[in-house]
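Student: For reference, the structure I am asking about is given below.
There are 2 protein chains.
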Amino acid sequence: MVTIKDIAKKANVSISTVSLVLNNKGYVSPETSERILNIINDLNYKPLHSARKLATRKTGNIGYIIWENHFSEVEMFYSQIFLGMEYAARESDYYILLTTVKDDFDPKTDLPRFLKYNDVDGVVLAGRVPHSLVEYLDKQRMPFVLVDYGIPGKIYNSVLIDNYNGAFNAVESLIQSGRKRIAFVGGTFSHPSIKERFRGYKEVLESYNLISDGHLKKYTHLEDAETSREIGEKGVSILLTEKLLPDAIFCCNDTTALGALTEIQRKKLKIPQDIAVVGFDDIPTAAFNLPKLSTVRVPKLLLGKEAFKLLNDVIDNPRLPAQTRLISTEFIKRESS
Amino acid sequence: MVTIKDIAKKANVSISTVSLVLNNKGYVSPETSERILNIINDLNYKPLHSARKLATRKTGNIGYIIWENHFSEVEMFYSQIFLGMEYAARESDYYILLTTVKDDFDPKTDLPRFLKYNDVDGVVLAGRVPHSLVEYLDKQRMPFVLVDYGIPGKIYNSVLIDNYNGAFNAVESLIQSGRKRIAFVGGTFSHPSIKERFRGYKEVLESYNLISDGHLKKYTHLEDAETSREIGEKGVSILLTEKLLPDAIFCCNDTTALGALTEIQRKKLKIPQDIAVVGFDDIPTAAFNLPKLSTVRVPKLLLGKEAFKLLNDVIDNPRLPAQTRLISTEFIKRESS
DNA sequence: AAAATATATTAAAACGTTTCGATATAATAT
DNA sequence: ATATTATATCGAAACGTTTTAATATATTTT
Chain S
1 MVTIKDIAKK ANVSISTVSL VLNNKGYVSP ETSERILNII NDLNYKPLHS
51 ARKLATRKTG NIGYIIWENH FSEVEMFYSQ IFLGMEYAAR ESDYYILLTT
101 VKDDFDPKTD LPRFLKYNDV DGVVLAGRVP HSLVEYLDKQ RMPFVLVDYG
151 IPGKIYNSVL IDNYNGAFNA VESLIQSGRK RIAFVGGTFS HPSIKERFRG
201 YKEVLESYNL ISDGHLKKYT HLEDAETSRE IGEKGVSILL TEKLLPDAIF
251 CCNDTTALGA LTEIQRKKLK IPQDIAVVGF DDIPTAAFNL PKLSTVRVPK
301 LLLGKEAFKL LNDVIDNPRL PAQTRLISTE FIKRESS
Chain H
1001 MVTIKDIAKK ANVSISTVSL VLNNKGYVSP ETSERILNII NDLNYKPLHS
1051 ARKLATRKTG NIGYIIWENH FSEVEMFYSQ IFLGMEYAAR ESDYYILLTT
1101 VKDDFDPKTD LPRFLKYNDV DGVVLAGRVP HSLVEYLDKQ RMPFVLVDYG
1151 IPGKIYNSVL IDNYNGAFNA VESLIQSGRK RIAFVGGTFS HPSIKERFRG
1201 YKEVLESYNL ISDGHLKKYT HLEDAETSRE IGEKGVSILL TEKLLPDAIF
1251 CCNDTTALGA LTEIQRKKLK IPQDIAVVGF DDIPTAAFNL PKLSTVRVPK
1301 LLLGKEAFKL LNDVIDNPRL PAQTRLISTE FIKRESS
């Protein structure tokens, strides 16, 4: 195994000098530097990470935590965010340790290994995540970033989707194609993202004067259960008991929308002629479904990349005031609208 | 930060002794041991991994490599395998580093970071994976395990699905429910798993004497493109040009089967009355589709767990002759058959 | 009773880096 | 010419562990 010593010997310099060029720090003459670099290359020397970490007291890892169910679920949403982070991490030599936390998480007993053993320099939390965990990280002064989630009343470093405008634009497109009675179906209403999507929905209707008395009562179906196809099916089946059927349904996300499509088809209504449906997220299934689902595309890789970059900034400068970076979306019109 | 020195001082022993109890090695009296353990607990001491790794020359990491497209895809198959590994790893203090490799992978330039920098003690490769990578690992004497993939003509450590029996049983169930003309639709025919599924399909038909002259020509549709819904749709649309329609279709996996369902519905045929469909994998979508897809369940978490265990064995004993562990499947009958 | 072995503890070296002064020379400012 | 400052290099300590070999005592075997 070739070490920094071998390089130093061969280059006739001290290991300090080699270390300096390795980290390009301090002063070292261009000639020596180049000579050393060549030798490093020739011998295919790679600094041993564990030694380096011991000396620098950094771990070189960052943690990625998601709620267990989110990772077991049908869709790749959070895996894509992970992938975005991994791509970004490749350039800065960080490794990403992925773990899940249980629903009934308790920091006393269920702390992820990498937190327990101090094996990460920072953490990204994606999606809905136990508040006790966030508080724990905050108390421990562990740098962290929330992705696609926020805790009401608290300001943390976070990367968020521009849910409000995404919803606003999507519903506006429905309006512009002539829809008048636009319904909303959603689950997990306690989730800030969903709340924002609902706000976008509501405000665009208001601005086009499409909210009559009782509209919200009749045409919105909100639950606080985890979003799922079932929520979509159930929501639609209730909506379809109205005497005046909605002519479009904006769903809080694609999973819900897929359920909605299923239920509408089961009731023998035509999509999009009778009822148009629009989702949110652009999960891969959306493009393969029959009919193909119109939706708001969330750039998941970008979300991961930005989370990584923000976390890096926070690690480098821990006393930075908390900031939020908004990632904008794109409306994708397909067959369902 | 509390180190082994602090423990030693407080316990009035040398750090060697503390280290010994930490790794329960050598001789240390029960009394001292307990005293030390208590202090460790009181001070909440955790050995610093980088220091430990430096001393032991182990990395404490194992790599998980999948083909890029497999991780970007619709289904969570490989993420679930990862999760199974992660669960298993929790007990033995390994971290798992996930990375993807590109389709046109070249070991000279595209080597995953953790291989380039020697940051893993072993590697799990899941699904179809560049042969050049496998050869590279073999040459480097890096312990590795293949999951759900094999390279024809080579014997490597691997954890495989019992594809043959899975297919055999699934098709047998179709036969027992009275189906006579059972078709096969598949992609990626170069993949050993798919070959095995096909073999199971063929042999059960033979054993029930259901393969007439020309059956395979008429009723099997094999492509060597990556499996996808499109493959399923296309395969079915060709099958449905036969004068005597098949009364059941066994698909090489669920993704393909979902495409098949779509195409059958588009042609206004009834499932399962006119045609039954059975998939393979039991991806989450299978249970949510309309109709719900009958399929062969592959225990993905278990697959990951076994891969991890086997890799561990190989790391501990590198000269073990290569072995293959077969994971058996379960037929899940739902609405489509 | 002596020799051999098992038990218990430790000092010191080693693992491969980074970093902090120290030292020396070269360039620039006074 | 002298004092500063910039450039270049290095020795040695430090990071927190594990491990080897040494030492000491207790127990067992001969």
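Residue numbers (our numbering), protein chains in the order written: chain S, 1 to 337; chain H, 1001 to 1337.
We put the CB at the ideal spot given by N, CA and C, even for glycine.
Which one or two residues does DSSP pair with L97/S in a beta bridge?
Tutor: Per DSSP, G63/S, L1097/H.
Student: Hey, how far is the Cα of L205/S from the Cα of F168/S?
Tutor: Spanning the two alpha carbons is a distance of roughly 9 Å.
Student: Cutting at 6 Å between CB atoms, please list the residues of its own chain near Y1045/H, excluding the five before and the five after it.
Tutor: Excluding positions up to five away in sequence, the list reads V1002, I1007.
Student: Kindly list the residues whose CB is nearer than 8 Å to the CB of K338/S, restricted to its own chain and excluding five residues on each side of it in sequence; keep chain order.
Tutor: Since the displayed chain S opens at 1 and closes at 337, residue 338/S lies outside it and no answer follows.
Student: What does the alpha-carbon distance come out to for the pair D247/S and L1261/H?
Tutor: Distance between the alpha carbons of D247/S and L1261/H is about 28 Å.
Student: Check whether the segment 184 to 196 of chain S touches the segment 248 to 259 of chain S, counting contact only when three or more Cβ pairs, one atom from each stretch, lie closer than 8 Å.
Tutor: Yes: at least three Cβ pairs fall under 8 Å.
Student: Is I182/S helix, strand or coil by DSSP?
Tutor: I182/S: strand per DSSP, three-state reduction.
Student: Taking Cβ-Cβ distances below 7 Å as the criterion, which residues of the segment 1040 to 1052 of chain H are in contact with chain S?
Tutor: Within the segment 1040 to 1052 of chain H, the residues whose Cβ lies closer than 7 Å to some Cβ of chain S are K1046, H1049, S1050, A1051, listed in chain order.
Student: Taking Cβ positions only, does M1142/H come closer than 8 Å to chain S?
Tutor: Closer than 8 Å: no.
Student: Using 8 Å as the limit for Cβ to Cβ distance, is S193/S near chain H?
Tutor: Taking Cβ atoms only, chain H never reaches closer than 8 Å to S193/S, which makes this a no.
Student: In whole angstroms, what separates the C-alpha of S1019/H from that of I1040/H?
Tutor: If I take the Cα positions, the gap works out to 11 Å.
Student: Whole angstroms are fine: how far does the CA of P130/S sit from the CA of Y149/S?
Tutor: Going from the Cα of Y149/S to the Cα of P130/S covers about 11 Å.
Student: List, in order along the chain, the chain H residues whose C-beta lies closer than 8 Å to that of E86/S?
Tutor: Within chain H, the residues near E86/S are L1098, T1099, T1100.
Student: Note down, in chain order, every chain S residue with its Cβ under 8 Å from the Cβ of K1116/H.
Tutor: Correct list: K46.
Student: Please report the distance separating the alpha-carbon of S1228/H from that of A286/S.
Tutor: The straight-line gap from Cα to Cα measures roughly 14 Å.
Student: Tell me which residue opens and which closes the beta strand (DSSP E) that T188/S is part of.
Tutor: Unbroken run through T188/S: none, as it is neither H nor E.
Student: Work out the CA separation of G63/S and N118/S for me, nearest whole Å.
Tutor: N118/S and G63/S: Cα-Cα distance of roughly 10 Å.
Student: Let me see if you follow: with CB-CB separation under 8 Å, is T262/S close to chain H or not?
Tutor: Output row for T262/S: interface = yes.
Student: I want to verify the contact list: residues of chain H whose CB lies under 7 Å from the CB of R90/S, in sequence order.
Tutor: Neighbours of R90/S on chain H, chain order: R1113.
Student: Grouping DSSP H, G and I as helix and E and B as strand, with all else coil, what is G153/S?
Tutor: If DSSP states are grouped into helix, strand and coil, G153/S belongs with coil.
Student: Strictly below 7 Å CB to CB, what residues from chain H border S79/S?
Tutor: Within 7 Å Cβ-Cβ: F1071, S1079.
Student: So with CB distances below 9 Å, who are the chain S contacts of R1229/H?
Tutor: Those are F288, listed as they occur along chain S.
Student: Name, please, each residue of chain H whose Cβ falls closer than 8 Å to the Cβ of T295/S.
Tutor: Result: empty, since nearest Cβ-Cβ is about 15 Å, beyond 8 Å.
Student: What number of angstroms, rounded off, separates the C-alpha of P1284/H from the C-alpha of L258/S?
Tutor: Those two C-alpha atoms are separated by around 14 Å.
Student: So which residues on chain S does D1110/H lean against when the C-beta distance must stay under 8 Å?
Tutor: Those within 8 Å of D1110/H in chain S number zero; the least Cβ separation is about 11 Å.
Student: Look at the Cβ atom of L1301/H, then the Cβ atom of Y1087/H, and state whether they are nearer than 8 Å.
Tutor: Yes. Within cutoff.
Student: Distance, Cα to Cα, L986/H vs T99/S?
Tutor: Residue numbering for chain H in the displayed model covers 1001 to 1337; residue 986/H lies beyond these limits and cannot be assessed.
Student: Taking the alpha-carbon of S1337/H as reference, which of K1234/H, I1182/H, Q1323/H, Y1164/H has the nearest alpha-carbon?
Tutor: Ranking the options by Cα distance to S1337/H, first place goes to I1182/H.
Student: Please tell me whether S1193/H and I1161/H are closer than 8 Å, where the distance is taken between their beta carbons.
Tutor: Contact flag set, yes.
Student: Three Cβ pairs or more, each shorter than 8 Å: is that satisfied between the segment 291 to 300 of chain S and the segment 272 to 282 of chain S?
Tutor: In short, these stretches touch, since the Cβ pair count reaches three.
Student: Run through DSSP, which three-state label would A1126/H get?
Tutor: If DSSP states are grouped into helix, strand and coil, A1126/H belongs with the strands.
Student: For L1054/H, decide whether its Cβ has a neighbour in chain S, counting only Cβ atoms nearer than 8 Å.
Tutor: At least one chain S Cβ lies under 8 Å of L1054/H.
Student: Which residues, in order along the segment 1156 to 1187 of chain H, keep a beta-carbon less than 9 Å from a beta-carbon of chain S?
Tutor: Answer in chain order: no residues at all.
Student: So is Y1136/H in contact with chain S if we call contact Cβ pairs under 8 Å?
Tutor: Chain S, which has no Cβ nearer than 8 Å to the Cβ of Y1136/H, makes this no.
Student: Quick check on the DSSP output: what are the complete beta strand (DSSP E) runs of length 3 or more inside the segment 1184 to 1257 of chain H, in order along the chain?
Tutor: The segment 1184 to 1257 of chain H contains these whole beta strand (DSSP E) runs: 1220 to 1222, 1248 to 1251.
Student: In whole angstroms, give me the CA-to-CA distance for S1050/H and T1220/H.
Tutor: Approximately 56 Å between the Cα atoms of the pair.
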